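*Asks:*
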Amino acid sequence: MVEESTLSEAYIMIGGPQGSGLETSAQVLTVIFASHGYGVIANREYHSNIIGRHSYVAMTVNSVKTPRYFNYPFHTAAFMDAESVFVHYEDVGENSILVYDKGLDNVNIDNVVSIRSDTKERLLREYHAQGIDPTVRGITNYLRSSKGVQVVGLDYKSILSILREKFSVPLALARRYVSSIIVGAVVGSFGIASEDVIREGFKYRFRGREKIVESNTYIASLVAKEVMSQVKTFKLQEGRAIDDFSFVVSGNDVVAIGKVVGGVRFQSYYPITPAQDESFYLEGHMRITTSRGDLGGIVVFQTEDEIAAIGAALGAALTGTRAATATSGPGFDLMAENISWAYEAEVPVVITLYQRGGPSTGMPTRGSQEDLFAALFSGHGTTPRIVLASGDHEEAFYDAIKAQNLADKYQLPVIHLLDKFLANAIVTLQPPDLSNVMIERGKMITSYNKPEPYKRFSLSDGPISEFAPFGVKNAISWYTGLEHNEYGLVSEDPETRMKMVEKRISKFFLADKEIPEEGERAVLLPKDINISDVELLMVGWGSVKGVAVEAAKVLREQGIKAAYLHIRYFAPFPARYVSSLVSKVRKSGGLIVDVEHNEFGQAAHIIEMNTGIVIDKFILKYTGRPIYLNELVNAAKKIMKEKIDKVVLKYGA
Amino acid sequence: MVEESTLSEAYIMIGGPQGSGLETSAQVLTVIFASHGYGVIANREYHSNIIGRHSYVAMTVNSVKTPRYFNYPFHTAAFMDAESVFVHYEDVGENSILVYDKGLDNVNIDNVVSIRSDTKERLLREYHAQGIDPTVRGITNYLRSSKGVQVVGLDYKSILSILREKFSVPLALARRYVSSIIVGAVVGSFGIASEDVIREGFKYRFRGREKIVESNTYIASLVAKEVMSQVKTFKLQEGRAIDDFSFVVSGNDVVAIGKVVGGVRFQSYYPITPAQDESFYLEGHMRITTSRGDLGGIVVFQTEDEIAAIGAALGAALTGTRAATATSGPGFDLMAENISWAYEAEVPVVITLYQRGGPSTGMPTRGSQEDLFAALFSGHGTTPRIVLASGDHEEAFYDAIKAQNLADKYQLPVIHLLDKFLANAIVTLQPPDLSNVMIERGKMITSYNKPEPYKRFSLSDGPISEFAPFGVKNAISWYTGLEHNEYGLVSEDPETRMKMVEKRISKFFLADKEIPEEGERAVLLPKDINISDVELLMVGWGSVKGVAVEAAKVLREQGIKAAYLHIRYFAPFPARYVSSLVSKVRKSGGLIVDVEHNEFGQAAHIIEMNTGIVIDKFILKYTGRPIYLNELVNAAKKIMKEKIDKVVLKYGA
Amino acid sequence: MARKPEDYRTDLWVDWCPGCGNFGILTAISQAFAELSLEPEKTVVVAGIGCSGKIWQYFRVNGVHVLHGRPIPFATGIKLANPELTVIAIGGDGDLLGIGAGHFVALGRRNVDITVIMHNNQVYGLTKGQASPTLPYGVKTKALPAPNIQDMVNPIALALASGYTFVARAYAMDTKGLKEVIKKAIEHKGSAFIDVLQPCVTYNDVYTVQFYRKALYKLEDDPNWDPVVKSPEEEIEKKTQAFIKSYEWGSRIPIGIFYVNPLKPTYEERLRERIPTYLEKPPAKQEIATNGGRPVLTIKDIVEVFSDRIVYRRKRIN
Amino acid sequence: MARKPEDYRTDLWVDWCPGCGNFGILTAISQAFAELSLEPEKTVVVAGIGCSGKIWQYFRVNGVHVLHGRPIPFATGIKLANPELTVIAIGGDGDLLGIGAGHFVALGRRNVDITVIMHNNQVYGLTKGQASPTLPYGVKTKALPAPNIQDMVNPIALALASGYTFVARAYAMDTKGLKEVIKKAIEHKGSAFIDVLQPCVTYNDVYTVQFYRKALYKLEDDPNWDPVVKSPEEEIEKKTQAFIKSYEWGSRIPIGIFYVNPLKPTYEERLRERIPTYLEKPPAKQEIATNGGRPVLTIKDIVEVFSDRIVYRRKRIN
Ligand SMILES: Cc1ncc(C[n+]2csc(CCOP(=O)(O)OP(=O)(O)O)c2C)c(N)n1
Ligand SMILES: Cc1ncc(C[n+]2csc(CCOP(=O)(O)OP(=O)(O)O)c2C)c(N)n1
Ligand code: SF4
Ligand code: SF4
Ligand SMILES: [Mg+2]
Ligand SMILES: [Mg+2]
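So the protein lines, in turn, are chains A, B, C and D. All residue numbers for the first sequence refer to our numbering, where the first residue is 1 and numbers rise by one. All residue numbers for the second sequence refer to our numbering, where the first residue is 1001 and numbers rise by one. All residue numbers for the third sequence refer to our numbering, where the first residue is 2001 and numbers rise by one. All residue numbers for the fourth sequence refer to our numbering, where the first residue is 3001 and numbers rise by one.
Spelled out as C-alpha cells, the structure:
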C-alpha cells in the first residue's frame, strides 16, 4: 500500500504482560531508531509485579531532536495479549495502526484474570456506554468501524510456528519471540522491514548470540512486511537527531554515570523501586578501567536497610570520599534522622531521591512528584539542605555532579530529586559536554601543618570551616550530632550554641547568595521568550519540563503566549527571580498555573512559603501516569478560556 | 531583720550538680508553696548527664494564679556548689538574696572541672571585663559590693554535721541533706521558717519515711532561721491561687493523665528525653483501679526502637484501641515512614512529640521549638495530618484528649506537639473541668449487619468511611500502604487512584472546615483585646504562650498596646482567622512579631505558606533556655522603637 | 461447622510467577486455618513488602499489609491490644532478616503469642532478584552482577539466640508438611518462627525445586529427634541440639521442628501480673466512654488514680 | 616511638557517675591503643548515644558520635572507604542490641574488619535506667516500676548466630583482661565483638561489682578451652562450644574469648575480587579530579566504561 504521511515525530505504544519480553521489544525498537539517527524516549508503565500483570511502553520518536514527552493518539500500537487491547482501546485514533493477536479474538474481558475488578468494572461501563462487545473482537471491530483505526490481526501462533521449521526453536521457547512480532509490527507501521535495519536492534540486545539475533530479526521482518501489506503506513522523515553515536540510557543510568564522572567512589543502597537500577548499574561497573589504565573503582554497598545506607555513606564521606546513596520515598523517610545528623555535623553527602507514587508504599512502580515536602523538611530541627530537582536526562547528568560539588562546598546534605518518569524512561542522549564541568571540593584539605590543633568547626573564617578527612596527619577531628564547639567536642554553652546554630544556617544563606537564580535555580523556557508578553506561565519542576516546554510551544503555535518556568532548586529557593517573573506576568494580566504530579500543589506551597505569592491555578495529575502533551495543552486552554482554577488530568491506562 | 517588700510574685533559683538532690529541693519547695495556696511553676535546666554537671531550677511563685513564665533578677538564689555561683552571678540583682556555701570561698573557676572550656573562657572574659576575681569569694564580693545583693555565706559542712549529733546520720549520708539547706535558704528568704510549713514538702517527697522527713525539716528550718537573721527578707502575699487541692504535675504527667482520661489504652514507646517521663509515669499506672472498682488498664509497651513503637501503636489502633506513642525529634524521624502509612491506610493514631534542642541529638535536655517542619511534613508523599501544639499544662491535658478525638473523627494521624520547657516544667494545676470533655470516636462501629460485604474504605458516604475494628463479626477488613479499592485491596487503576487520593485529602479539608478557627485553632490573648487597637501583635506557639501573654500585659501596662496570637493548630492551619487578624493590625499600622524558639522562624514560614503573609519581625531564641519575661518585654520594645527586624534572645546560663 | 481452605481465600487473581513457591505457602496456610477452624474475623494476617508480602490479600481474614520490615511490630501491637485474635506475621527473608532483623530479635525476647512465617527464597524477589540475607557467600543467582559478597545469616540459629520458643523450618512445595508445622506454630503459646524454604523460579536458579528435592530431609524421620523442652533444665541442651542442626546447610538440609519450649510465659501472661484483668478486659475491649460519650473516669477517679500528683491546700503560711 | 595511654586521651572532664564501669573501659581502650601504638590520625572511634556513647570525646583519636543505634553502619562506611584506618565501634547494650540490633546482625554477615565494643550495663543509662535488651526477665533494677517483663537477649549467642568471627566477653573492672581482649579484637582480621560487662552504679543495683566479683570466671583458666577455629571443619564445633558457654549466666558467668575464626575472608578482601586495586586505591585515596579541577574521566573514558549504553549511528533508514 501507499505510505500516507511523512512525520517528523511518531507516537508508539506496545503492550503485553510483564515478563513476556516487552522490555526487549522496547529496547530493540529504541536501538533501531537510535542507530538510524532518531531521537527516542520510551517510558514503561508496569504494575508492582514480576510476571503476568499488564505493562506497556509509550514511545516518542523524533527525526530531529530527542523528544521529552509523550502524546496520543498513538500512530501505532502493537499488543501481545488481550488485556492490552481491552485497556488501550482509547489510545488509538483515526488511521492509527493497531496490531494484535487474532488468536485472541474470542477472549472476553471477564476471562482476563489479570485485570483487577475495579478496572474491569470501569471498562465494562465504558464499553456498555458505547455499545461495544466486551471481547477482543468486539473492541477491534469498534475501533475499525467507528474510529477509523487500521486494525491488523495477525495469528501469532502460526507466525511463531515458523520458528520451529526455520530455526528449530522448540514450541516451548517460541513464546519468547512474541517480542519480535511486536518489533516487526511497529517498524512495519513505518514502512521499515529491512533485516539489515532491524538487526541493529537485536544485535545490541543479544550481543554475541548470533542465532537468536537472526531468528528474531527474521520474525520481525516477516511481521513488518505483513503489516506493510495491510495498512497505509506512516513515513518518518530521515533521522537527523543523532550524529556519530548516542547514549541510550534511563534516568537511573545517567545519574549513575554522572556520579562516576563526578567522583563518587562510595555508593550505599538498599534496593527500592525506582531507585535501585541506578545502584545495580553502578554495581556492574564497580571497576573503572579504560584503555589508558585502571582509574580505580567505586564501592557499591548493599546494606541491610536505608538507615545503614545513609549511615555508611556519611561514614565514607568523613574519609574524604565522595559518597552518595540513592533511594525512594519509603527509604528516604528512614534516612530523616541521619539527614538531621549530617546537617548538625556538617558532613557533605548526596541523597538521590527517586519519587514514586505515595504515600507509603503507594504505587511503587508509578510516577509522582510528591516527595518535595519530605525532601525539604524531613529530619527534625531546623535543617535546611540543598534540594535540586532534575527535569530531564541531561539535567540529571550534570546535577549528579553538581550535587556533589554543592555538598562539598557548603558541607551540607544535598537532596537530588528525580521521579520515576525520568528514572525509568529510556532516551537517546547526546554525549555530555564536559567543558564546563568542574570538581569542586570546597574547603577540603589534604594536609594540615598549622601549629595550633585542628578545629574542624572553626569559626574564624566565615561559616564554612576547613574539612580534613580522617587520616590527614596532625588533623584529628571529632564529629557529633550534639551541639559542639569548634573542635567538634560537646558543648551546651548558650553562647557556643548560638554561634554554631548561626554558623550552620549561614552556610545555607551563603548558598542562597552564591548560586545564581536566573538560569540556574529556575529557568524560563523557551529561552528567548519576552516575559512581559506571557499570557500563560506554567510553573513546574522535574519531569514536567519536557511536556510543559512542548505544550508551551504548541500553545504559542495556537496563538496563546505560553511559557514554562522550570524550578530546579527548591532550596535555596530562587525567590527573587521567581517573584519578579510572576509579578511581571501578573502585571500584564497573565495567568500563573502550577503544573505538577500531586494532589496538593506541593511546589505551589513552597513558592508561597518563600515568596508570599499565592498561586491559584493548577493543572495536577496524580494517577501515576505521565502527563501527555495533548491533555496538558487542552487543560491549559481550558484554564485560559473557562476561568476555572484547577484541571485534574487523567490520561493513560 | 525587717521584711522589706510584699510580693504577689517571686522568682527563685536554686542550683547544684546533677544527682545531688536538686530535684528534691525543687519538689519540696513546690509542694510547700502549693500546699499553702500558691501557684508555682518550676523549670529545671540540666545537661545530658546523670551525675555531676551543673543543673538549676528556676521557679516562679504567685499568690493569686499559677504563673507560666520565669523572670529575673531572682529574688532569691540558693546554691549547692561553686559552679552555680560562677555561672549564675548575673541572675541576681539589687536586694536579691544569694545563699551559698562559704566553705567554697577559695574555689577558683579553674578548678571546677565540670565547667566546659568554652563556658569557662566566656566567664573569665566577663569577669575580667568587670574586674572580678575568678573565685567564689571574688564573685560574692562583687555581688555584694557592686550589685547590692544580700549575700549569705553559710558553712554547709558544719550545718550538716548537726545531723550526726541530732539524728545520728553518718557523715557519708549527710551530703544528701544539702537539698534541705537549699529548701531552708529559699523559704527563709521569704520569712518562712516554721517546721510545720516546711514539713509539708518533705512529707510529700519522703512519703511514710518519718525520720527522713524530720531530719530534713529540721535542717531546712534551721537554715531558714539563719537566713532570716542575716537579710531583709521578702514577704509574699497570702496564697490564694489554690483552694482545696491542686495537681502538681510536669507536662509529661499531665499528658499521661489526659491520655488515660481520653481513653488511651495502648501506649508504646522507646525511651527518649524529654518524652520518656510520660511513658514512665503511665507505666507506673498501668492498672486503673479506683474505689468504685477496676476500670481496666493501659498496656504500656517498651519497644526496641521508635519504628516498632509507632508500628505497634498502629497495630493496636486497628483493634479499635485508642493508641498513642510519645517521642522526641530523633525518634519522631524514625516514625516518618509509618506516619505516611497511617495516612494512606487511614488509621487513627496519636504521636505526642516533645521538642528538644536539635538538629540531631543536638541539646537533648534543653528546650526548643524546631520540629514544626518535621511534624508537618515528615513522611513521603502528600500526607497532611492534624498538628496541634499545646501552650501550657492546661492545654496539654485537654489536647491529649482532643488529639485522640480528632484522630478517630478524621481517621488521620495526629501529632500533638509539646516542648521540653512545657514537658519538664512542674506546675500547680487546677483540677480539670470535664464538663465539656467528650470521647468522640467518629465513624467507628462495633457491629456490622449489612448484607453486602464490609468496605473499610467505602466511598459512598463522604470521605470518611465506617471503621470496624478487627474482631467485629461479619466485617473483615484489609489495610495496606499500597493504593487500594474500597475494600482495602490493592489497586493501580487510575480512576480508583484518583478517587482514593481525593478521599483522603478531603478528610483533611473537612477537618479544616469543621474545626473552628477563632478560639480553637488560634487564640488571641488577652481575650478582651480590641484587635484594631493592637500596635504590637506577637505571634507564637507552644510554651511561648505563658511568657508572651504576660509580656503583652507588662507592655500594655507600659503603654504599648500589645497582644499575643497563640497558634494552636498548624494543620489544618487557621488561615482565614490569622489573615484577618494580621491585616487588621497592619491596617492600623501595628507590627507583627514572630516569637519562637528556633533560628529560622519556622512558624512564620508556615504562616506564609498558608496565608501568603510575610512576617518580617522576629524575636527568636535558640540557646535551649526558656524565654524570660524581662528579655521578651525588652526585645518587644526594641523592635517597636528601633525599627529593627530581629532580636535574638540569650538570657540564662 | 467445618471450614474449607477455600473459605479463607479471596477471589483475587494471584499474581506470583507461575511455579513460584509462594503458592504452596498460600495453600498450606489456608489449609491450616481451615483445619484449626479459625474465625476469619478473629484472625489477622500481617504481611511485609515483597512478593511474599503480597499474600495478605489472598486470605479472607483480616489483613494488614505494612511497611517493608515491619510485620512484627504491627502484629505485636494487634495481639497485645486484643489477645483474642490469632495473629500471623508474614515476611520475606529480606523483610524479616534484613531491614526487619531488629524486630525479629526483639520478638524473641517477648514471647508474644504470634506466629512468624518467613518466605526464604534467598533473594529480594519483588525488587528483581538482589541477594537477600539468607543467600550464602559466593553464590551467584541469576540477577546478581557477581557472586554474593555477604555471608548468609542462619535464620534458625538467629531465632534460637533471640529466644523464640518455637523454631521450625519447612518447605513450600511440601504443603502438607508445611501445613502441619503452621498448625503447631499457631497452637504453640508464644512466639513461633517458621523458616519456609521457598523456590523463586524467576530469580533463584540455585536453590531450585530440583536442588531441594535432593537436599531436604525431615528431622521427624529420626525417631530420636525430640525438639521439645520438657523441663527448664533441658532448655540449653535442646537449644544446642537445634543450633548444631541449623548449620546443616548444603547437600543435606533438615526440615521440621528444631525447638519447642512451651514452658516460658507468654508476654500476655506477663502482662497480667501488671494488669490483673488484662485478659478479660484487654485494651480493645475496655469501655472508655459512658453512654453519654463522656470519659469513664470522673474527676474523683482521676484524683484517686493519680493521687501521687495531688497536693492538698493546708493552712495559711505565716 | 612508644606511645602512652595518656597520649590517646583528651583533657576533657569525664562526666560519668563516680564508680561507673565505663571508666575501666576507657582506660582499657586507651591502653590497648598505646600498646598497639595506633596512629591517632588513622584511628577512628565511632560511638552511639548513651552513657557509653560519651566515650568518643575522651580519646585523642578521630571520633564520630553518631545516632543512637548506628555506630556499625558508620564504622562500616568509614572502613570500606578507607581500609587503612583502624575502626572501633562502641555502643551500649540498648544501642547495639535494641535499636541497632539489625545492624548488629548485618555486620556479622560481612566480616568487615572492625571491632565492636558493647558496654553491657543491662540498663538504658542515659535515659535514666530503663531495662535494656540484656536485662533478664523478672529482674527489677532500681528505676523500673516493676520487674522486667522482657527476656534478655544473649549477646554472645546472637553474635555467633550472626557470623562474627571474633566473639568475646570481658569485664569493665578488669581493665587488664579487657585491654588484652581489645588488643586481640583489633588485631583480628574481621568483625570482632566484645560484650563488656559494665556495672552501672546509678541504675543497676543487681549486676553490681559485688555480684560480678562472685560470679565471674575466666575461660582461659580452663587449659582445655580453645576458641580458635583452625580449619573450616572445626567451625561448627567451635561455634557450638561457644554457644553452650554463652548460656552460663547466673551464679557463674564466663569471661574471655568465646570464639575466633581467622579463616573467613574479610569484606575488604572480598571487595578486591570486584575491584582488583581496591586496597591500594580505596575510595578515599583515589584522585577524582585533575590538577585543573576537572573530572579524571574524559568523554572517551566515559564512552569506554559505559560502552554498554552507547549506540552508534548506522546508515540511513529507507
Ligand atoms: C523502606 C523500604 N525499602 C525498600 C523497599 C523496596 N522493597 C520492596 S520489596 C523488597 C525486598 C523484598 O525481598 P524479600 O523481603 O525477601 O521478599 P520477597 O520479594 O523475596 O518475597 C524491597 C527492598 C521498600 N518497599 N521499603
Ligand atoms: C532514635 C533515638 N531514640 C532514643 C534516644 C534516647 N536515648 C539516648 S541514650 C539511650 C539509651 C542508652 O542506653 P544504652 O544504649 O544501653 O547506653 P547506656 O546509656 O546504658 O550506656 C536512648 C534510648 C535517642 N537518642 N535516639
Ligand atoms: S519473583 Fe520469585 S518470589 Fe517473586 S513471585 Fe516470582 S518466583 Fe515468586
Ligand atoms: S548512669 Fe550508669 S552507666 Fe551511666 S554514667 Fe552513671 S553509672 Fe555509668
Ligand atoms: Mg526474599
Ligand atoms: Mg546500657
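Glycine is no exception: its CB is placed at the ideal position from the N, C-alpha and C atoms. Model, not experiment: these values are computed from the prediction.
Using the Cβ count rule (16 or more neighbours within 10 Å means buried), how would you classify ILE3317 (chain D)?
*Replies:* As a working mapping, residue 3317 (chain D) is identified with position 317 in the fourth sequence. With a pLDDT of only 48 at ILE3317 (chain D), under 50, the local geometry of the prediction cannot be trusted, and the value read off the model is given with reservation. It is buried - the Cβ of ILE3317 (chain D) has at least 16 other Cβ atoms within 10 Å.
*Asks:* Any beta carbon from chain C within less than 9 Å of LYS1246 (chain B)'s own beta carbon?
*Replies:* Sequence index remark: in the second sequence, residue 1246 (chain B) carries index 246 (1-based). Rather than Lys, the amino acid found at residue 1246 (chain B) in this sequence is Ser. Taking Cβ atoms only, chain C reaches closer than 9 Å to SER1246 (chain B), which makes this a yes.
*Asks:* Out of A:ILE560, A:TYR127, A:GLU346, state which residue places its alpha-carbon closest to the alpha-carbon of VAL534 (chain A).
*Replies:* Against the first sequence, residue 534 (chain A) aligns to sequence position 534. Answer by Cα proximity: A:ILE560.
*Asks:* What does PHE1202 (chain B) touch in chain C if you count any residue whose Cβ is under 8 Å from its own?
*Replies:* In the second sequence, the residue the question calls residue 1202 (chain B) occupies position 202. Those within 8 Å of PHE1202 (chain B) in chain C number zero; the least Cβ separation is about 13 Å.
*Asks:* From the DSSP output, in three-state form, read off GLN3286 (chain D) for me.
*Replies:* Looking up residue 3286 (chain D) in the fourth sequence gives position 286. In this structure, GLN3286 (chain D) counts as coil in the three-state DSSP scheme.
*Asks:* Is there at least one non-hydrogen atom of ligand 1 closer than 8 Å to the beta-carbon of GLY3293 (chain D)?
*Replies:* Here residue 3293 (chain D) refers to the residue found at position 293 when the fourth sequence is read from its first residue. No - ligand 1 has no heavy atom lying nearer than 8 Å to the Cβ of GLY3293 (chain D).
*Asks:* With distance defined between alpha-carbon atoms, name the residue in D:LEU3219, D:THR3010, D:TYR3217, D:GLN3198 nearest to VAL3209 (chain D).
*Replies:* Position 209 of the fourth sequence, counted from the start, is the residue given in the question as residue 3209 (chain D). That would be D:GLN3198, whose Cα lies nearest to the Cα of VAL3209 (chain D).
*Asks:* I want to know whether the segment 1381 to 1390 of chain B touches the segment 1574 to 1582 of chain B - three or more CB-CB distances under 8 Å.
*Replies:* Because the criterion of three Cβ pairs below 8 Å is not met, the segment 1381 to 1390 of chain B and the segment 1574 to 1582 of chain B do not touch.
*Asks:* Does the distance from the CB of VAL300 (chain A) to the CB of SER268 (chain A) come in under 9 Å?
*Replies:* Mapped onto the first sequence, residue 300 (chain A) falls at position 300. Mapped onto the first sequence, residue 268 (chain A) falls at position 268. It is a contact, given that the beta carbons lie within the stated cut-off.
*Asks:* Identify every run of the beta strand (DSSP E) within the segment 1040 to 1122 of chain B, keeping only runs that are complete inside it and at least 3 residues long; order them along the chain.
*Replies:* Runs of the beta strand (DSSP E) inside the segment 1040 to 1122 of chain B: 1054 to 1062, 1074 to 1079, 1092 to 1101.
*Asks:* Can you give me, in chain order, the residues of the segment 3217 to 3236 of chain D that have a beta carbon less than 7 Å from any beta carbon in chain B?
*Replies:* Taking 7 Å as the Cβ-Cβ cut-off against chain B, none of the residues of the segment 3217 to 3236 of chain D qualify.
*Asks:* Applying the 10 Å Cβ sphere with the 16-neighbour rule, what's the burial state of GLN1369 (chain B)?
*Replies:* Locating residue 1369 (chain B) in the second sequence gives position 369, counting from the first residue. The residue in question, GLN1369 (chain B), is buried, as its Cβ has 16 or more Cβ neighbours within 10 Å.
*Asks:* Around the Cβ of GLY1519 (chain B), are there at least 16 other Cβ atoms within 10 angstroms (buried) or fewer (exposed)?
*Replies:* On the second sequence, residue 1519 (chain B) is found 519 positions in, with the first residue counted as 1. Exposed is the call here.
*Asks:* Rounded to whole angstroms, what is the Cα-Cα separation between MET1 (chain A) and GLU90 (chain A)?
*Replies:* Position 1 of the first sequence, counting from 1, holds the residue named residue 1 (chain A). Position 90 of the first sequence, counting from 1, holds the residue named residue 90 (chain A). Confidence at MET1 (chain A) is low in this model, with a pLDDT of 39, below 50, so its placement is unreliable and the value that follows should be read with caution. Approximately 26 Å between the Cα atoms of the pair.
*Asks:* Shorter than 8 Å, the distance from the beta carbon of ALA1294 (chain B) to the closest heavy atom of ligand 5, or not?
*Replies:* As a first step, residue 1294 (chain B) is located in the second sequence; it is residue number 294 there, counting from the start. In the sequence as presented, Ala is not what sits at residue 1294 (chain B); that position holds Asp. Not under cutoff, so the answer is no.
*Asks:* Quick check: is any heavy atom of ligand 4 less than 8 Å from the C-beta of SER3052 (chain D)?
*Replies:* Counting from 1 along the fourth sequence, the entry for residue 3052 (chain D) is found at position 52. For ligand 4, at least one heavy atom lies less than 8 Å from the Cβ of SER3052 (chain D).
*Asks:* Determine, for MET3152 (chain D), whether the minimum Cβ-Cβ distance to residues of chain C falls below 9 Å.
*Replies:* The residue given as residue 3152 (chain D) occupies position 152 in the fourth sequence. It does; some Cβ of chain C falls within 9 Å.
*Asks:* Report yes if the C-beta of GLY3094 (chain D) is less than 8 Å from at least one heavy atom of ligand 6; otherwise report no.
*Replies:* If you number the fourth sequence from 1, residue 3094 (chain D) lands on position 94. Yes; taking the cut-off as 8 Å, the Cβ of GLY3094 (chain D) has a heavy atom of ligand 6 nearer than that.
*Asks:* So TYR2171 (chain C) is in the beta strand (DSSP E); what residue range does that whole segment cover?
*Replies:* Your numbering for residue 2171 (chain C) matches position 171 in the third sequence. Counting along the chain, the beta strand (DSSP E) containing TYR2171 (chain C) begins and ends at 2166 to 2171.
*Asks:* Which value, in whole angstroms, describes the spacing of the CA atoms of LEU3216 (chain D) and THR1365 (chain B)?
*Replies:* For the purposes of this step, residue 3216 (chain D) is taken as residue 216 along the fourth sequence, with counting starting at 1. For the purposes of this step, residue 1365 (chain B) is taken as residue 365 along the second sequence, with counting starting at 1. Spanning the two alpha carbons is a distance of roughly 37 Å.
*Asks:* Within 9 Å (strictly less), CB to CB, does GLU2187 (chain C) reach chain D?
*Replies:* For the purposes of this step, residue 2187 (chain C) is taken as the residue at position 187 of the third sequence. By this cut-off, GLU2187 (chain C) is not an interface position.
*Asks:* Pull the bridge partners of ASN3120 (chain D) from the DSSP assignment, please.
*Replies:* One-based indexing of the fourth sequence puts residue 3120 (chain D) at position 120. The partner list for ASN3120 (chain D) (beta bridge, DSSP) reads D:LEU3197.
*Asks:* Three or more beta-carbon pairs under 8 Å between the segment 464 to 472 of chain A and the segment 279 to 297 of chain A, yes or no?
*Replies:* Output reads no: the segment 279 to 297 of chain A does not touch the segment 464 to 472 of chain A.
*Asks:* For the beta strand (DSSP E) containing PRO2254 (chain C), name the first residue and the last one.
*Replies:* The residue labelled residue 2254 (chain C) in the question sits at position 254 within the third sequence. Its beta strand (DSSP E) spans residues 2253 to 2260.
*Asks:* DSSP three-state call for THR135 (chain A): helix, strand or coil?
*Replies:* Along the first sequence, read from residue 1 onward, the residue named residue 135 (chain A) stands at position 135. THR135 (chain A): strand per DSSP, three-state reduction.
*Asks:* Which residue comes first and which comes last in the beta strand (DSSP E) that contains HIS1416 (chain B)?
*Replies:* Within the second sequence, numbered from 1, the residue matching residue 1416 (chain B) stands at position 416. Taken as a continuous stretch (DSSP letters only), the beta strand (DSSP E) holding HIS1416 (chain B) covers 1413 to 1419.
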